[in-house]
Structure formats: structure tokens, C-alpha cells
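Student: Following this message is one structure expressed as C-alpha cells.
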Amino acid sequence: MADREKRRRGQARTKGGQPKGLRITRVFTQAGQDPFDTIAWARRTSRITNPDGSVVFEMQDAEIPAPWSQVATDIMVSKYFRKAGVPQVDENGNPLLDAEGNPVLGPERSARQVISRLTGCWRDWGERYGYFASEEDAQAFEDELKYMLVHQMAAPNSPQWFNTGLYYAYGITGPAQGHSYIDPDTGELKYSQDAYSRPTPHACFIQSVEDDLVNPGGIFDLVTREARVFKYGSGSGTNFSKIRAEGEPLSGGGTSSGLMSFLKIFDRAAGAIKSGGTTRRAAKMVVVDVDHPDIEAFINWKAEEEKKVAALIAAGYSADFNGEAYATVSGQNSNNSVRVTDEFIRAVLTDGEWHLRWRTDGRIAKTVRARDLWHQIAQAAWQCADPGVQFDTTINAWHTCPASGRINASNPCSEYMFLDDTACNLASLNLMKFYDAERRTFDIERFRHAVRLWTIVLEISVLMAQFPSEAIARKSYEFRTLGLGYANLGSMLMTMGLPYDSDRARGIAAAVTAIMTGEAYAASAEMASVLGPFPAFAENREHMLRVIRNHRRAAYNAHPGEYEGLSVAPVGLDPATCPEDLVQAAREAWDRALAMGEQYGYRNAQTTLLAPTGTIGLLMDCDTTGVEPDFALVKFKKLAGGGYFKIANQSIAPALRTLGYTEEQIEDILRYVLGTLSLDNAPHINRASLMEKGLTSEEVDRLEQALPSVFELTYAFTPWTLGEEALRRLGFTPEQWQRPGFNLLRELGFTPQQIAEANDVICGMQTIEGAPHLKDEHLPVFDCANKCGKHGRRFIHHMGHIRMMAAVQPFLSGAISKTINMPNEVTVEDIEEAYMASWRLGLKAMALYRDGSKLSQPLSSASKQDQEEKDEAKAEAAAEAPAPVAAAEPQIVYVERPKRRPLPAKRRGFTQEGRVAGHKIYLRTGEYEDGTLGEIFIDMHKEGAAFRSLMNCFAIAISKGLQYGVPLEEFVDTFTFQRFEPQGMVEGHPYIKMATSIIDYVFRVLGYEYLGRTDFVQVQPPIHGDVGEELTEGDDSEDNTSGAAATEATHAPQPAAVAAPAATEVKATPNGINGHAAEAHALESLVAVAEAPLADGGLSEHLSQMMGDAPFCDICGHITVRNGACYKCLNCGNSLGCS
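When we follow the UniProt record's numbering, the leftmost residue of the sequence shown carries the number 1, and every step to the right adds one.
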């Protein structure tokens, strides 16, 4: 401690003995006041459960700020509390000692401890190395940061929470892990002596790899370095273009096995590691230059692996992303990007040739058409969302340090882009904490203050850090790159009453981003005046000042010809689209950043970027993350005791007030969106009608209490809500209510139409479209990334996402982590155009996701369990059947002969055109008046006569069975997964993508369309998405029992499986939900799964319908939602990414 005080005093004075250092003004706190006293505190239980209710993690009596949500509580307690090695204290704060007088060790139990160890550690390192002018400034620094953290105004990236301050606060060390650092006193490289005296606060790494197998810097050395990064909760990216292509000669003779063989090794290594031990899976980026000879194999890598996944799913393996099918194939543990140059883009535009070059000597290995390669990139992204594209020329044109080398790669989510073997530590500001919704003003001064303080925090974090390799330690010391960003932009824009996809929203986003980065560079220059610029600044001075001037020109909306060294001009800040005070603040920030940089240089080569902020966004209770819009208008709030209740997006009401609606109108609109959450006065299904059906008043009360926690009405009407006694009294047997697809409301006699109408009133429309009082011109304000609810039709067009990125990109040091959401029906050409638009608008990188482009099937595990339990029930019934005994005397047995139910002469149905492994097939259906299935036709008119005849006879046999009362479900269970040729990929159906035979395909379609079953479809359908709008009616020919199938002339290609009008009712028949596709959709999320209680009120299914192939959380098993270029879990806060 004496040495620390001596260093503190020595570093804080200049040669003249006058104090030198940073002055810290108090904005949020007062001297002598504990920042923790500015907020109420509460004792809470944090419990993370699996969907089946089993507990993953639990801690009782954790101390958390009272305003924090339960999700924020769970993140802090389950993820960020240190679980061991912390001295324990009693209720009065006195240390607990064991019998021998040693401190009792255990976990952290209060957010005070976590926040104090972070802020205290930052202050300690800063004070020791002369960052502050005085002890009072250091205290103000610590207090202001405590205030911002406890009030959810800002948060550093997860590795800071995991690692920072463990030694400072508790003396925790642990064995060294091979990390190194540069001693700031001597400039010498040293190796860490333990794991925590120097923290590992960096989230993002870019690492190099040489074309060498085992030596330092080579392929297998990178495997070790990546493991070291992943272990501490961080992510890593690498450009692998130096590795020789397949067939390229080796120095010792022979030829290389190629780039792809080694990428598969890295993929397996990453898949075996969970970052931070139990915090999240490894985050990894793979970048390959567009002129690499193996580029075509790389582009199509994931798309080809998806075909293997499809085959495994068709064979019965789980379609969950964390399941066996995806675990078996390669390429699933990284984000992939192709690095393209302006030269390549010009070749695409002119339809020119493009040369692929050997890695060793640069000779041409192969020549391809640039447009063909471009098309392959788009085709692969259309199929599986990878690869993304990084625009190399643009990236390096904005590079602040080109004299020190090129930018070749990025971190896993593409927001950090800098030299190889560098690192970046991140933090994000919660924009909603700086916006006053009542006054409708953005607090520029408080925002400036926060930006300055967090720039200092991130700079100190470079000082105190240890790094996974010598090269990263050295370059981090020399360049000191930072990653400040923000979250909740989408919420702020909606609260302002602005559509996300509007010029004014883009103008405000650009101005706020410009203020942030301009102020961060000004703070960096201020630190340079105290501590000196980053060591590599001198050789890059002119380059960096050129980049700063270009940022400033964008703030002034300069003419494209005024920019220096740019081939693509950025989108400038148009003052006509933004409030004057924000424009002025943005320009002043860049004026100061340039002037101070010219005088002092900069302490940091980069300062800002926009990260996905998945976990830390939830920690700050942000509705939206990074630069993203919101994904839904109706969400859930997690309860401390488990379970959820629905809430409307907290931006809706303020937005409506901004738009001029009265409180009464707002209440009506919110009720329309969220529902009444009550059975009182509901149509069809209400207290009176339920009591008429036999329910007691107490049972109706239980149903009423369940309504706030469910997304769909049927999820409240379950055996677990009512109890077995009530079900038995109503006349149901356990065999009935345990049957898959048991629907209590249907069994009580309510029709699908009645259920749907009651559901809309009680559970809400979950969209604002059609709401009372709402003006049409205000609808875009509430547009989200996805369609909202089953009735929602609006969503933000993918160009709206791209234009928003283009608005903020000119004001960032780095780039933007964001995935462009695109609907399923977009074409490969649409994706090509999206990539090209991104280049033209000056983006550095772009990744996209077409809904349903992967084969993950989030709900397949439940369906599999249902079938297994059903099989077990059948086996038990057979086992319990009494053994046959000899008859005492002859008995007369009366057998009732089944009667055929004739079809009407004119009937409805649909025609489904498809292909199975390239073989075209037409499936036609005929229906009874009530919509149940009565006949099928199977036509494969290009196949041989024998095969066609067999199909015709088979169809007749099935049709006869249906007409004589055989349940369709029996046929579906019998004939799905029958395997014979032709088998393989399916074309023509939006949700069925693989079939093991023609028969398997037919009954997958029938099971989905008439039974609403989704356990064998590969792409999970939307909750109430329409399959089609038109109806293909059956013709007037005789029913299928009278002869062969209809002639080829009736089989003209039709839209995929179109449906009957939604008004048609589906009767309760032996075929179950046997009716039109639209009605099957309408019931899909209403059908309770009888075998397993849905503790989340259907939340996982609700999210899965919006998120397409989003995987289950690998911590708690709940469904995740897309977040930037990765996923986040709204249940436990886990991030499948690097924020």
C-alpha cells in the first residue's frame, strides 16, 4: 500500500510540482453522499429454471436495487456474482470467521459488492498511474460510475463483470493461465503470475494466423490462443486467408489439405468450449478474402452442412440448434464473412472476371466470373444466413493506423475492426436514461459527461488488463483501442413518436452517435495531454487526423468531393432531419476532437462501435439493444417466484402521448394490444358460459388468475390450472386430458371461431394495427423487426435496417453489430441487392437473416416427448389388458359394421404442388362440409405407369379408410417416416423441407394442414401465419372411391397448400383438428400440450414463431431471440455472442 501511495503521488504531478491529471465534475452525485443511498434496495430470490420447471440456479436473499427487473436481477446474481472465494459477513457487515479464526468464504450476495469491486478497481489503477488530478477527482470518478451502474445508465461488457476487481476487492488470484502484459512503468513484456491480479476485461479479440502448423503464430498455436480467449468469456475473429488452399504445394513436398480442413478443426475446438466456464458458448468469427482459391468451398460450407442436418433431422434426430443433428456437422460455431474489395465489386457490376490466387506466390489458381461468386455468396446467405460480407476497401479507408498494417478481420459480431492481434473492451450507454419523455428532450450535457467518464474507464481497462498472447499484449499497449457504444436507440425513437424507418429517426440516431464518438475522441485527446498519446500515434498521425477530418465532414454533411481518401462517400448528418441542438452538439464535438487531436494527439486509436449489447442490455432493462428496433409490442415480465406476466412495450404509451392521444384513448389502445386479461364480459368464453359448462366459481377464478401470464387463451385452460378433480367432474378421463393435442375449450364445445374471438379480446391482438383511435399515419411509429402477433402484417423493411446503419456508420470508429431481418419470401436477387446497397451506402460490414433459412426446429423436443409418452401409454394399455380365458358358454357378439360417410358432390379442398428429390408430385384433397378430410389424390404423371397405378390405388385405399371413419391421425402416425426412394429435399412447401419417401411427404403435408401438427416439419411455422389466401376447390368429379385419380389437366401448378376462408368452422370429428390450413394455424398456438405443463404460458412457442430458427438457450433451455449477429435469452440473460 505504501508503494501504491508513493506511485499515486508521483504520477499525479508535473515537473513543476503542480497537480496534473483529469478533473472529474460531479453531475449525478454529491460529495460525501454514498451513491448507493440514491436508490432503494430489496432482497430477492434469483431462480433460473428449465422449461420443465427444473432449477438450473438459485440464490435466496440477494441484495439488488429495487427498481431492477427480475431478469436484470437474474443476470447480476446468476452470471456476475462471484460464486466462491469472497469473504462472508454477517447482517451488520462484520467478517465471519470459522472455528480456526479464518475468514469464511463464499459467494457475493449483493450488487453493491459487484459494483464496488468494479468501480474501486478502475479508480485504483487510474489513481496509481496518474489519471486524476487529485484524490477528490478520483472519488468523484468512482461515485459517478457507481451511480450510473446502479441506476442502469451504463454497463461494461460481460468480461469486466466476470473478472474485474476480484483481486482488488477480495485478494483472489488463481493459477496463471499464460497471459501477458506490458509493464506501464518500463514498457517491458511480462507474464502474469496469477489469474486475477490483472483482470481480463476485453470482450473482443482479433488474432492472426500464419501458414504454419505448430510454431508460434501458426495454426495450432491459434487453437490454444482462442481457447484462452473463450475461457474468460470473450470472442475472437481471424482472417484465415494466409492458409494455403487445397492442392497448393508444401515446402517439404506434397500438397496442402486446404483451408477448409483446418477451419473444421477450429470449429470443433470452439464448440467444445463454453466461454467463461458456464457463461455462454464460444463466440468466433472466420474471415476469408474473396480471392482465396478455396473461397467457393468456404462460401458454401454452412449451406452444404445444412443439407446434412436436413438428412439427420429426417432420420429422426432433434432439429434444435443444440441438438445432435447440428452437433454432428461442422461450421456451426462461428460467424463467417467474405472480405470483398472495391475491385471485386466493380467486377461484379461490369460482369468481369475474377482471379483466385495461390497463397504462396500470388499466381492465378483459377478464374471465375465475379457475378457467379457474388451470386454464390447471396445464395448461401439465402439458404443459411452465412456468409456475411465485409467491405475491405471501405474498412481500410477509415483506418486510423494504416502505417502499422491493414485491417484484415473483425471480432465475432463484426463491430470491432482493427489490426490483427489487438483487443477491445466494450461498454454501452442506455440512451433512454438521457431522454426525458415528458419534456421530450435529450440531455446532451449529461450524455457528454457519461461519454467522457466511460472513455476513461475503458482506457484504464487497457492499462490494467492481461492478454492471451504476447502480440496482443504488445499491440494493445501500442494502440489502446476502445469500444464505447449505446443501447435502447429503438425504444428512444418510438418514445419520441418516430418511425424507426424514417429520415428524422435516422437524423437523430446519426447526431447522437456523432456526439458520442466526437466526445470520446475529445476525451482521448484530453487524456493524451496528461498521459501522452498512444505509442503508435506518431507514425500514424497524418492518417488518423485525415480520418478525424472525414468524421467531422460527415457531421457537417459535406459534399462527397470534399472527403479525403474515400472511394465511397458516407451518408452525412442532414440538419433538416434533426433537432438543431443535437446537430450543433455533434458539430461542436467534432470541432473539439479535431482541434485537441491536432494539439495533443489521441490516447486511443479507436474509441467507439455499436455492439449487440445482449446480456448487458437486459441488465440495464433496455427494451432494445444496440442499434436495433424492437422485436415485438407485447413482451413478458419475469416474476421473482417464477413464471411471467404480459406487458405492453414500455415505449407505446409515451409514444402515444407524444403523438397527442388522450389518456382514455391510450388506455383503449393498450387494452386492444394487450387484452382485457379477464373473462368478464368476454365474447363466448366468459364467467357465465364457463359456469354453464359445469365449472365452479372458484375454478373460474383460477382461470382468471392465469390469464396475465399466457400469450394465448388455451394456455390458461390446462389440466394444471383446473386440476384433475375439476376435469373428472366435467366428464374427462386421464386418458383424454393426457392425449397429445388435448384442447379443453374445444372439448367443452367451443368452436375455433369462438375461441379465436374470445382470445382476441382477453389476450389481446398483440399488434397495434386496427386499434381504436389510432391514425393510419402513426402506424409506422410502432413497426418492429417482426410482424407483431397473429394479426400483425407490418414490419420494418430490410432497407430500413440498412439505411439506419448507413446513418450512424460515418460517426463510429469501428462498425455495427446488426443482422438485417428479411422475410422468408425474399429471393437470392433481393439479397444480392441488399449487399450491394450496403456497399453503396458506405457500410463496413453486413450480415442478414432470412426468416426460416435454417432447419432448426425449436419445438421438436416437446413433440418428440409427446409421441414417446403416447407410445408408452399404448404399451401400458396392452400390458394391462386381461389375459384370455376359456369361455364358459357360447356367447353372441354383435359387431356394428362401419358405415361410409359419403362426400358431397361439390366439395372443397386444396392442391399442393411439390418436389421430393426432384420428382414432381401433386397432392389434392377433398373435404366434407365441415372441413374434415375425406379423400386424397396423388399424381406423379411423369413417373412410370406401374408407379402411378400403385399411387392411385394407395390413394383410393386411404380415401376409403377416411370415409369409413379411420382417424386421419392414425394414418399420419403410420405412414410418416416410411423410407424408400425417391427421398430427400422437398421443394414447394414453406415448412416441410425433407421427406424420407413420397408417402412420408404426403402424410407430413396432411398432418400439418389438417391436424395442425408441427412435430415433423423442419421449419417452424408462424403462430397464426397464413399458408395462403386463395382456395383451390375440388372439382365435380366422383369421389376418390369410384376410380382412378383425376386427369392431368386438373393438375395445373397451384399456390402452395392454400387454405379455406377463416370463417369456416372445424367440427370436432374423429379426425381431430381435421380442417382447413388457416384454421389449423389459428389453433396451432392454442392447443395445449397435454404431456408437459407450459410453465412459460406459451412464451417459448410465441418467441419461436417470431424468431424462426432461434436456438434454445444453452443455460436454461428457453427460446432465444435474435440480437445483432447473435442471440440472447430473455429468461436468464445468456448471450450466444460476445457482449
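The beta-carbon is built from N, C-alpha and C at its ideal position, and this holds for glycine as well.
Pick helix, strand or coil for cysteine 121, following the three-state DSSP scheme.
Tutor: By 1-based counting over the sequence shown, the position of residue 121 is 121. Residue state, collapsed to three classes: helix.
Student: Starting from the Cα of phenylalanine 537, find the closest Cα among Ser404, Phe132, Glu526 and give me that residue.
Tutor: Within the sequence shown, the letter at position 537 stands for residue 537. Out of Ser404, Phe132, Glu526, Ser404 has the C-alpha closest to the C-alpha of phenylalanine 537.
Student: Between the beta-carbon of glutamine 152 and the beta-carbon of alanine 176, is there less than 7 Å?
Tutor: Position 152 of the sequence shown holds residue 152. Position 176 of the sequence shown holds residue 176. For glutamine 152 and alanine 176, no; Cβs fall outside 7 Å.
Student: Can you check whether the CB of proline 199 is closer than 7 Å to the CB of asparagine 157?
Tutor: Working through the sequence shown from its first residue, we reach residue 157 at position 157. Working through the sequence shown from its first residue, we reach residue 199 at position 199. Going by C-beta atoms, asparagine 157 is not nearer than 7 Å to proline 199.
Student: Can you tell me whether DSSP reads proline 719 as helix, strand or coil?
Tutor: Working through the sequence shown from its first residue, we reach residue 719 at position 719. In the structure shown, proline 719 sits in a helix (DSSP, three-state: H, G or I).
Student: Please identify the residue among Asp851, Gly814, Phe811, Ser813 whose C-alpha is closest to the C-alpha of glutamate 825.
Tutor: Locating residue 825 in the sequence shown gives position 825, where the first residue counts as 1. Comparing Cα-Cα distances from glutamate 825 to each of Asp851, Gly814, Phe811, Ser813, the minimum goes to Asp851.
Student: Within 10 Å of its beta-carbon, does arginine 268 have 16 or more other beta-carbons around it, so buried, or fewer, so exposed?
Tutor: Taking the first residue of the sequence shown as 1, we reach residue 268 at position 268. Classification of arginine 268: exposed, given that the 10 Å Cβ count is below 16.
Student: Who are the near neighbours of leucine 659 in its chain, counting only those whose CB is closer than 6 Å to its CB and skipping five residues on each side?
Tutor: The sequence position of residue 659 within the sequence shown is 659, counting from 1. The answer, listed in chain order, is Gly497, His778.
Student: If we ignore side chains and look at the alpha-carbon of each, how far apart do valine 761 and threonine 721 end up?
Tutor: By one-based count along the sequence shown, residue 761 stands at place 761. By one-based count along the sequence shown, residue 721 stands at place 721. The straight-line gap from Cα to Cα measures roughly 20 Å.
Student: Assign tyrosine 191 to buried or exposed, taking buried as 16 or more other Cβ atoms, counted over all protein chains shown, within 10 Å of its Cβ.
Tutor: Counted from its first residue, the sequence shown places residue 191 at position 191. Classification for tyrosine 191: exposed.
Student: In chain order, what residues of the same chain lie with their CB nearer than 7 Å to the CB of glycine 565, ignoring the 5 residues before and after it?
Tutor: Sequence index remark: in the sequence shown, residue 565 carries index 565 (1-based). Answer for glycine 565: Ala397, Arg546, listed in chain order.
Student: Going straight from the alpha carbon of serine 110 to that of proline 95, what length do you get?
Tutor: Taking the sequence shown and counting its residues from 1, one reaches residue 110 at position 110. Taking the sequence shown and counting its residues from 1, one reaches residue 95 at position 95. Those two C-alpha atoms are separated by around 15 Å.
Student: Is it a yes or a no for the stretch 607–626 touching the stretch 809–827, going by three-plus beta-carbon pairs under 8 Å?
Tutor: yes
Student: Where does threonine 38 fall in DSSP's three states?
Tutor: Here residue 38 refers to the residue found at position 38 of the sequence shown. In the structure shown, threonine 38 sits in a helix (DSSP, three-state: H, G or I).
Student: Note down, one range per segment and in chain order, each alpha helix (DSSP H) of at least 4 residues found wholly within the stretch 653–689.
Tutor: Taking only runs of at least 4 residues, the alpha helix (DSSP H) segments lying wholly in the stretch 653–689 are 663–674.
Student: Just verifying my parser: in three-state terms, what is the DSSP assignment at glutamate 935?
Tutor: Taking the sequence shown and counting its residues from 1, the one referred to as residue 935 is at position 935. Strand, per DSSP.
Student: So the candidates are Ala315, Met260, Arg23, Ser208; which of them puts its Cα closest to the Cα of residue 1144?
Tutor: No answer is possible for residue 1144: it lies beyond the span of the chain, which begins at 1 and ends at 1139.
Student: Let me make sure I understand the geometry here. Which of Asp183, Arg406, Leu493 has the alpha-carbon closest to that of methionine 432?
Tutor: The residue given as residue 432 occupies position 432 in the sequence shown. For the residues Asp183, Arg406, Leu493, the minimum Cα distance to methionine 432 belongs to Leu493.
Student: Just to confirm the assignment, what range does the beta strand (DSSP E) spanning histidine 798 have?
Tutor: Residue mapping note: residue 798 aligns to position 798 of the sequence shown, counting from 1. It is not in any beta strand (DSSP E) - histidine 798 instead sits in the alpha helix (DSSP H) that spans 798–808.
Student: Rounded C-beta distance between methionine 985 and alanine 917? I'm assuming under 8 Å.
Tutor: For the purposes of this step, residue 985 is taken as the residue at position 985 of the sequence shown. For the purposes of this step, residue 917 is taken as the residue at position 917 of the sequence shown. Confirmed, about 6 Å.
Student: List the whole-angstrom C-beta distance separating methionine 940 from isoleucine 958, where the pair is believed to meet the contact cut-off of C-beta under 8 Å.
Tutor: Along the sequence shown, read from residue 1 onward, the residue named residue 940 stands at position 940. Along the sequence shown, read from residue 1 onward, the residue named residue 958 stands at position 958. 16 Å between Cβ atoms; not a contact.
Student: Using the rule of at least 16 other Cβ atoms within 10 Å of the residue's Cβ for burial, across every protein chain shown, is methionine 691 buried or exposed?
Tutor: Reading the sequence shown from its first residue, position 691 is the one you call residue 691. A residue is called buried when at least 16 other Cβ atoms come within 10 angstroms of its Cβ; methionine 691 does not meet this threshold and is exposed.
Student: Our contact map puts methionine 148 next to phenylalanine 28 with C-beta atoms below 8 Å; I'd like the distance itself, whole angstroms only.
Tutor: Taking the first residue of the sequence shown as position 1, residue 148 is located at position 148. Taking the first residue of the sequence shown as position 1, residue 28 is located at position 28. That belief holds up - the Cβ atoms of methionine 148 and phenylalanine 28 are roughly 7 Å apart, short of 8 Å.
Student: Specify whether the stretch 767–778 and the stretch 479–486 touch according to this definition: at least 3 beta carbon pairs, one from each stretch, less than 8 Å apart.
Tutor: When C-beta atoms of the stretch 767–778 are compared with those of the stretch 479–486, fewer than three pairs fall below 8 Å, so the two segments do not count as touching.
Student: Out of Arg346, Thr367, Thr341, state which residue places its alpha-carbon closest to the alpha-carbon of proline 293.
Tutor: In the sequence shown, residue 293 corresponds to position 293, counting from 1. Closest by alpha carbon: Thr367.
Student: If you drop the 5 nearest sequence neighbours on each side, which residues of the same chain put their C-beta closer than 8 Å to that of isoleucine 802?
Tutor: Here residue 802 refers to the residue found at position 802 of the sequence shown. Only Ile820, Ala834, Ala837, Ser838, Leu841, Leu843, Met846 meet the Cβ criterion.
Student: Would you say glutamine 60 and threonine 73 are within 7 Å of each other, going by their C-beta atoms?
Tutor: Working through the sequence shown from its first residue, we reach residue 60 at position 60. Working through the sequence shown from its first residue, we reach residue 73 at position 73. No, these two residues do not count as a Cβ contact at 7 Å.
Student: Please list, in chain order, all residues of the same chain as tryptophan 358 whose beta carbon is under 6 Å from its beta carbon, the five residues on each side excluded.
Tutor: The count along the sequence shown starts at 1 and reaches residue 358 at position 358. For tryptophan 358, where only same-chain residues beyond five positions count, the Cβ hits under 6 Å are Glu248, Ala365.
Student: Hey, does glutamine 736 have any beta-carbon neighbour from chain B nearer than 7 Å?
Tutor: No chain B appears in the structure shown, which is made up of a single protein chain.
Student: Quick check on the burial criterion: 16 or more other C-beta atoms within 10 angstroms. Buried or exposed for histidine 798?
Tutor: Position 798 of the sequence shown, counted from the first residue, corresponds to residue 798. Buried: at least 16 other Cβ atoms inside 10 Å.
Student: Quick test of the definition: if touching needs 3 or more C-beta pairs under 8 Å, does the stretch 682–691 touch the stretch 663–674?
Tutor: no
Student: Rounded to whole angstroms, what's the CA-CA distance from phenylalanine 418 to threonine 173? Just pull it up for me.
Tutor: Position 418 of the sequence shown, counted from the first residue, corresponds to residue 418. Position 173 of the sequence shown, counted from the first residue, corresponds to residue 173. Each residue's Cα considered, the two are about 31 Å apart.
Student: Let's test the definition: count the other Cβ atoms within 10 Å of the Cβ of lysine 899 and tell me whether it reaches 16, buried, or not, exposed.
Tutor: Your numbering for residue 899 matches position 899 in the sequence shown. Result: exposed.
Student: Can you list, in chain order, the residues of its chain with a C-beta nearer than 8 Å to that of isoleucine 39? Leave out the 5 residues immediately preceding and following it.
Tutor: Counting from 1 along the sequence shown, the entry for residue 39 is found at position 39. Counting only Cβ-Cβ distances below 8 Å, and skipping sequence neighbours, we find Pro65, Ala66, Pro67, Val150, His151.
Student: Between which two residues does the beta strand (DSSP E) holding glycine 490 run?
Tutor: By one-based count along the sequence shown, residue 490 stands at place 490. Premise fails: glycine 490 lies in the alpha helix (DSSP H), 489–495, not in any beta strand (DSSP E).
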